[in-house]
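A.B. asks: Please find one structure pasted underneath; my questions will follow.
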Amino acid sequence: MPKLHEKERKINLLKHGENVRPPYFWWYKMLPKIEKQYPEYDKTESEQVLGGIWNNYDVETKIKIVKEYQNNNIQDFQEHKHKDELGRMG
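Under the working numbering, residues 1 to 90 are what the sequence shown spells out, in order.
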């Protein structure tokens with residue numbers, strides 16, 4: 001059986017009721033928003049909040065996020081990060 005692409009593997013696991021780690025690029029796009037909303041939290045606490053948000057999403061929402069963010073290339077991530085940083089500066 002051919003090896004599934006990471007995105008397909010995560011989607012299959014979600015469809016079968018398994019929990020998966022959120023996509024890296026989604027996580028690091030969302031983390032600054034949590035840190036901004038809760039400035040009194042340290043990085044660990046912010047990550048716990050974000051993990052709780054991920055775990056409370058329904059399966060359809062998680063699949064949508066995996067489809068959008070899983071396996072984005074590093075250039076996409078750097079562009080998102082740069083836009084986020086510009087937005088925070090402006």
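No residue lacks a Cβ here, since even glycine has one placed at the ideal position from N, Cα and C.
If you run the structure through DSSP and keep just helix, strand and coil, what is Pro22?
C.D. replies: Pro22: coil per DSSP, three-state reduction.
A.B. asks: Please work out which residues of its chain come closer than 7 Å, Cβ to Cβ, to Pro23, disregarding the five sequence neighbours upstream and downstream, and give them in chain order.
C.D. replies: Answer for Pro23: Ile65, Val66, Tyr69, Gln70, listed in chain order.
A.B. asks: Looking at the structure shown, is Gly52 part of a helix, part of a strand, or coil, going by DSSP?
C.D. replies: Looking at Gly52 - three-state DSSP - the assignment turns out to be helix.
A.B. asks: Looking at Val49: is its Cβ nearer than 9 Å to the Cβ of Gly17?
C.D. replies: Against a cut-off of 9 Å, the Cβ pair of Gly17 and Val49 comes out as no contact.
A.B. asks: For Tyr28, which three-state DSSP category applies?
C.D. replies: The answer is helix: DSSP assigns Tyr28 an H, G or I state.
A.B. asks: Where does Glu8 fall in DSSP's three states?
C.D. replies: Three-state result, Glu8: helix.
A.B. asks: Quick one, are the C-beta atoms of Ser46 and Tyr57 less than 9 Å apart?
C.D. replies: In this structure, Tyr57 does not lie closer than 9 Å to Ser46 by Cβ.
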